[in-house]
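Notes follow once the structure below has been shown.
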């Protein structure tokens with residue numbers, strides 16, 4: 498389920514960019530592009546380059562650590578992991594809000610005609 502939601506969001510955002518790319522001057526395109534940049538820049542890259550390495554470091558310690566070393570190893574990793582997870586959460590939430598804005602944005606279908 499994690500991989501489906503994590504990578505599914507990435508694929509869905511790329512599909513939305515492709516769908517709106519013929520109309521790059523439209524507000525929806527820019528909101529979807531913003532959501533894509535926010536999600537890829539924070540959700541995807543922070544997970545791959547920060548969260549996963551921290552998780553692997555902690556797992557490596559847990560494999561051969563004594564019962565007394567585990568709480569200190571967790572305390573050492575918990576602060577940075579929680580901080581970066583907070584950053585990831587904020588940017589992913591902003592990406593979601595940009596997508597909601599793209600869905601709610603009302604634009605005319607014809608750029609050449611008068612607005613009604």
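Residue numbers (our numbering): 498 to 613.
Where a beta carbon is used, it is the ideal one built from N, C-alpha and C, also for glycine.
If you're wondering where the values come from, they're calculated on a predicted model, not measured in any experiment.
Annotation for residue 513: the continuous alpha helix (DSSP H) segment containing it runs 499 to 517.
Residue 589 sits in a helix when the DSSP states are folded into three classes. In the three-state scheme derived from DSSP, where H, G and I count as helix and E and B as strand, residue 521 is classed as coil.
Around the beta-carbon of residue 589, 16 or more other beta-carbon atoms lie within 10 Å, marking it buried. Residue 602 carries a coil assignment under DSSP once its states are collapsed to helix, strand and coil. Going by C-alpha positions, residue 514 is about 45 angstroms away from residue 568.
With a 10 Å radius around the Cβ and a threshold of 16 neighbouring Cβ atoms, residue 592 comes out buried. In the three-state DSSP reduction, residue 530 falls in the helix class (H, G or I).
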